[in-house]
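Heads up: the protein sequence lines correspond to chains S and H, in order. Here the first sequence stands for residues 1 to 366, where the numbers follow the working numbering. Here the second sequence stands for residues 367 to 717, where the numbers follow the working numbering. For each residue, glycine too, the CB sits at the ideal point set by N, CA and C. To keep things clear, I will list the structure first and then write my remarks on it.
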Amino acid sequence: MTTETKQILNVSDLRTYFPVKSRGIIPRTVGQVKAVDGIDLKIGAGETLGLVGESGSGKTTAARSILMLVRPTDGTIEIDGEEITHLSARELTPVRRKAQMIFQDPYNALNPRHTVGGIISAPFKVQGVDPPGGIRKAVLELMERVGLNPEHYNRYPNEFSGGQRQRIGIARAITLQPKLIVCDEPVSALDVSIQAQILNLLRDLQREFGIAYLFVAHDLAVVRQISHRVSVMYLGHIVESTSREVMYSAPLHPYTHSLLSAVPIPDPKRQRHRTRIMLQGDLPSPIDPPSGCVFRTRCFQAQERCAVEVPPLRELAPGHHVACHFPIAVEDLPERIEIDAAALEEAPVPQGVPGVTFQEPGPPHA
Amino acid sequence: MIPVSAPVERPFLTVDDLAVAFPTEDGLVRAVDGVSLSVEKGRTLAIVGESGSGKSVTAQAIMGLVDKKAAQVSGEIWLDGQELIGLPQDEMQALMGSEIAMIFQDPMSSLHPFYRIGDQIVEAIRAHRSVGRAAARQEVLEMLRHVGIPAPERRIDAYPHQLSGGMRQRVMIAMALINSPALLIADEPTTALDVTVQAQILELIQRLQGEFGTTVILITHDLGIVADVADEVAVMYGGRIVELASAAELYTQPEMPYTLGLLSSVPRMDQKLPERLDPIRGNPPSPISLPKGCVFEPRCNYSDRTGGASQTTRPELLESRPDHFVRCHLPAEERQRISKEVLRVLDGGAP
């Protein structure tokens, strides 16, 4: 599937570390936070990859690193075939035509002193692009396209509601018809009725312009709605990565199981009759992550081996990568989580998973 | 669950025709406009709504936290036979923290950053009961253990910033429940937390409610959480309750088009993936210039079936089925027919 479509984003072994400074007059680097610790991501043209994780998982740092808003420590990032990690800020400008970002907080992402027209036309000016018919005409069309009233061209961001501001941010992002948009929690600050409008808009724009999305979010139901494939992050690592259908019906990583079981379902009968996996405690400190598997301190599957050996991300079924020594299928969970039958039906069960023929882990990888 | 003032025996908490309005330069903001509801002892009422619906202001009014200088408050709030509105400041103060407690979305709004958490909770005990310092500290230790804080003897002397978000939320819950309040108001208690921690906190609130028989009012925007913990649900929109029903009935037989719109807007993991979500169109109304008729009218898909009534007159909150109240001009049969149709589509049936 991915071999046929063109690869728009190819991230390999991305690492972003932040130094931890000591206190005192002359701060010294005493350690580092490995916010992103060696992740691989691939997104094809017109495809959406959902990147889920809780706070502190490194998903936002990953998103920012991919657009070089934060300089990654190591790894390679190819956008539309071009490696960008070695580029200077100036050299990155043409890259930004191809890759844009939408932010979580539409209040802070827009300059309050600029009019909506000014904000949306900025990419044209920065990139020196002269659209046919002039900038103003193009901006008016964009406003119309994202569901803003073109008559509001000269208004300021504070005159708009949260949902409308997010539409402004989206219009700005699609101005130059990018091939990739990194969306960092684009709907989590919005009310549910507005959230659905924005999700629909993003999907329509994807169909129309063939934009690929890296969709970073913590809300698993939202991610399911928009993504083709999903990767789950925990403490700087990707722990599971597969198609949407498999992720939501037949995940294998214990963390994914717990995440899915923690999301309350808006139906009292179903919600109160399903058994949940309760994770104990909080995310460990990223300054001092656990040895071996980063999830082992909260994992119901954890055994001695998990403390010694880092589980590599292995392909357990075609397109299904799991970083776990003891992956577990839904039907083998100690406390069965109820997974909706309809969701199971729609999922084409991948070869290799039924019968739980997990490959015996080979010799430790490097 | 009867939203009228019953004459003699009132439910444990009864709010009758509560209105809160803030005068501003742009006009009067009617944040809450005629809210009536009641909760029986030991039950959980969820107030659901989007931003600007008035759900938080309703909670603050019950807590007596609305600044009377800045707002006009009217109506009646009866807690266990006592009227709260108009209660002198000192009497209200005595109730707060002992009879009524509140937890917030942001624990740092209840915790003082400069004091050790143990000292703050000890303070909460000694403000209401004459307990010695040592005994109070012992009680705090027990409560911290109770709310699931590991190694409480170490954490009791920690400052709030030394704890994680989930821990702080637990500390705040411990502080709220330390005097076994009869009423706990939780305003978006888990919104700032991750789902795995949210699940822990919700379970904790339910467990403690079971142990202490606390009545809970839960303010939230998340219909999933409501489905998880609520007995009764009040849906608020534009400062009013637009639907009031048991949780079981609200999800199976919702009637108000706004409730239907909310249910259709939420992406769900337990259903077949819809091609598109079916959101409510438009934006929530400005509380300064509310529509003249039904406040939901400009966004309602069915308002053309009310014969124009929804544009001109405010609908009343009326009992549509036993203990199920709806504020809508549509005839009941019409609402129920629409509801069935929408739920069928949501469940993945053919439209």
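Short CB-CB distance (under 9 Å) between residue i and chain S
i: S440 (chain H); result: no
i: T618 (chain H); result: yes
i: S476 (chain H); result: no
i: M635 (chain H); result: yes
i: D472 (chain H); result: no
i: P526 (chain H); result: no
i: P377 (chain H); result: no
i: D383 (chain H); result: no
i: G590 (chain H); result: yes
i: I451 (chain H); result: no
i: S705 (chain H); result: no
Helix, strand or coil at residue i according to DSSP, with G and I counted as helix
i: A302 (chain S); result: coil
i: R23 (chain S); result: coil
i: E141 (chain S); result: helix
i: M458 (chain H); result: helix
i: F378 (chain H); result: coil
i: P623 (chain H); result: helix
i: G44 (chain S); result: strand
i: G118 (chain S); result: helix
i: K34 (chain S); result: strand
i: G147 (chain S); result: coil
i: H228 (chain S); result: coil
i: Y107 (chain S); result: coil
i: E309 (chain S); result: coil
i: L344 (chain S); result: Confidence at L344 (chain S) is low in this model, with a pLDDT of 32, below 50, so its placement is unreliable and the value that follows should be read with caution. The answer is helix: DSSP assigns L344 (chain S) an H, G or I state.
i: Y156 (chain S); result: coil
i: I337 (chain S); result: Note on I337 (chain S): pLDDT 41, under 50, position unreliable in the model; the coordinate value appears next. It is coil, neither helix nor strand.
i: D184 (chain S); result: strand
i: H602 (chain H); result: Here residue 602 (chain H) turns out to be Met, not His, going by the sequence shown. Of the three classes helix, strand and coil, the one that applies to M602 (chain H) here is strand, per DSSP.
i: S389 (chain S); result: Any answer about residue 389 (chain S) is impossible in this case: the structure gives chain S only from 1 up to 366.
i: G133 (chain S); result: coil
Beta-carbon proximity list for residue i, same chain, < 7 Å, skipping 5 on both sides
i: F326 (chain S); result: Q301, Q303
i: D713 (chain H); result: Q637
i: T60 (chain S); result: D184, V216
i: L696 (chain H); result: Y668, R671, T672
i: E519 (chain H); result: L507
i: P264 (chain S); result: Q271
i: A524 (chain H); result: R482, I483
Chain H contact for residue i (CB, 9 Å cutoff)
i: R336 (chain S); result: Confidence at R336 (chain S) is low in this model, with a pLDDT of 44, below 50, so the placement of that residue is unreliable and no value is reported for it.
i: D340 (chain S); result: With a pLDDT of 35 at D340 (chain S), under the threshold of 50, the modelled position of this residue cannot be trusted, and the question is left open.
i: V222 (chain S); result: yes
i: N111 (chain S); result: no
i: A343 (chain S); result: In this prediction, A343 (chain S) scores a pLDDT of 34, lower than 50, which makes its location untrustworthy; no coordinate-derived value is stated.
i: V20 (chain S); result: no
i: K269 (chain S); result: yes
Beta-carbon contacts of residue i that lie in its chain and below 6 Å, excluding the five residues immediately before and after
i: M541 (chain H); result: I487, A490
i: V356 (chain S); result: Here the model assigns V356 (chain S) a pLDDT of 28, short of 50, so the residue's position is not dependable, and the following value carries that caveat. If we look at V356 (chain S) and ignore the five residues flanking it on each side, its Cβ neighbours are A329.
i: R71 (chain S); result: none
i: E367 (chain S); result: The structure shown does not extend to residue 367 (chain S), since chain S is modelled only from 1 to 366, so the question has no answer here.
i: D383 (chain H); result: G400, S402, G441
Beta-carbon proximity list for residue i, same chain, < 8 Å, skipping 5 on both sides
i: A596 (chain H); result: T410, L411, A412, L584, A613
i: P526 (chain H); result: P473, M474, L477, H478, P479, I483, R534, V537
i: E406 (chain H); result: M367, P377, F378, T581
i: P664 (chain H); result: G648, P651, P657
i: L574 (chain H); result: H512, V513, I539, L543, T580
i: I337 (chain S); result: Residue confidence is low: I337 (chain S) scores 41 on pLDDT, short of 50, so the model does not pin down where it sits. Its coordinate-derived value is still stated next. Taken in chain order, the residues that qualify are H257, L260, S261, R274, T275, R276, I277, V330.
- Listed from N- to C-terminal order along the chain, which residues in the stretch 559-588 of chain H have their beta-carbon within a distance smaller than 9 Å of any beta-carbon of chain S? Near chain S, meaning a CB-to-CB distance below 9 Å, the residues of the stretch 559-588 of chain H are L559, D560, V561, T562, V563, Q564, A565, Q566, L568, E569, H587, D588.
- Given a limit of 8 Å on CB to CB distance, which residues of the stretch 392-425 of chain H reach chain S? Within the stretch 392-425 of chain H, the qualifying residues are E416, S417.
- Query: Would you say the stretch 158-170 of chain S touches the stretch 178-190 of chain S, given that touching needs at least three Cβ pairs under 8 Å?
  - Reply: Touching, yes, given that three or more Cβ pairs across the two stretches are closer than 8 Å.
- Message: Below 8 Å, how does it come out for the stretch 197-206 of chain S and the stretch 236-249 of chain S: are there three or more Cβ pairs, yes or no?
- Response: Touching, no.
- Task: Decide yes or no for the touch test of the stretch 14-34 of chain S against the stretch 175-183 of chain S: beta carbon pairs closer than 8 Å, at least 3 of them.
- Result: Between the stretch 14-34 of chain S and the stretch 175-183 of chain S there are fewer than three C-beta pairs closer than 8 Å, too few to call the two in contact.
- Message: I want to know whether the stretch 427-436 of chain H touches the stretch 627-644 of chain H - three or more CB-CB distances under 8 Å.
- Response: Contact between the stretch 427-436 of chain H and the stretch 627-644 of chain H is absent, because fewer than three Cβ pairs lie under 8 Å.
- Using a Cβ-Cβ cut-off of less than 8 Å, list which residues of the stretch 181-197 of chain S approach chain H; keep chain order. Per Cβ criterion, the list reads D191, V192, S193, I194, Q195, A196, Q197.
- Looking at chain H, which residues of the stretch 135-161 of chain S have a Cβ within less than 8 Å of any of its Cβ atoms? Along the stretch 135-161 of chain S, going in chain order, the ones with a CB nearer than 8 Å to a CB of chain H are S161.
- Item | Contact list for the stretch 682-696 of chain H against chain S, Cβ threshold 7 Å | Look at the stretch 682-696 of chain H: it has no residue with a C-beta under 7 Å from a C-beta of chain S.
- Task: Note down, in chain order, all residues in the stretch 528-543 of chain H with a beta-carbon under 8 Å from any beta-carbon belonging to chain S.
- Result: Against chain S - using a Cβ distance shorter than 8 Å - the residues of the stretch 528-543 of chain H are S530, G531, G532, M533.
- Near-chain H residues of the stretch 220-253 of chain S - C-beta to any C-beta below 7 Å: If the cut-off is 7 Å between Cβ atoms, the stretch 220-253 of chain S has L220, A221, V222, R224, Q225, Y248 near chain H.
- Quick one, which residues of the stretch 41-60 of chain S are near chain H if we go by CB-CB under 7 Å, in chain order? The stretch 41-60 of chain S vs chain H, Cβ under 7 Å: E54, S55.
- How about the stretch 46-63 of chain S and the stretch 235-242 of chain S: do they share at least three Cβ pairs that are nearer than 8 Å? Counting C-beta pairs with one atom in each stretch, the stretch 46-63 of chain S and the stretch 235-242 of chain S have three or more that are closer than 8 Å, which means they touch.
- Mind checking the stretch 67-94 of chain S against chain H and listing, in chain order, the residues whose C-beta falls within less than 9 Å of any C-beta there? Within the stretch 67-94 of chain S, no residue has a Cβ that lies closer than 9 Å to any Cβ of chain H.
- Query: Name the residues in the stretch 303-325 of chain S whose C-beta lies less than 9 Å from a C-beta of chain H; which are they?
  - Reply: Only those residues of the stretch 303-325 of chain S whose C-beta falls short of 9 Å from the nearest C-beta of chain H would be listed, and there are none.
- Task: Could you say if the stretch 544-562 of chain H and the stretch 454-467 of chain H meet the contact criterion of at least three C-beta pairs nearer than 8 Å?
- Result: Yes: the two stretches touch, three or more of their Cβ pairs being nearer than 8 Å.
- Give a yes or no on contact between the stretch 553-562 of chain H and the stretch 307-314 of chain S, applying the rule of three or more CB pairs nearer than 8 Å. No, they do not touch.
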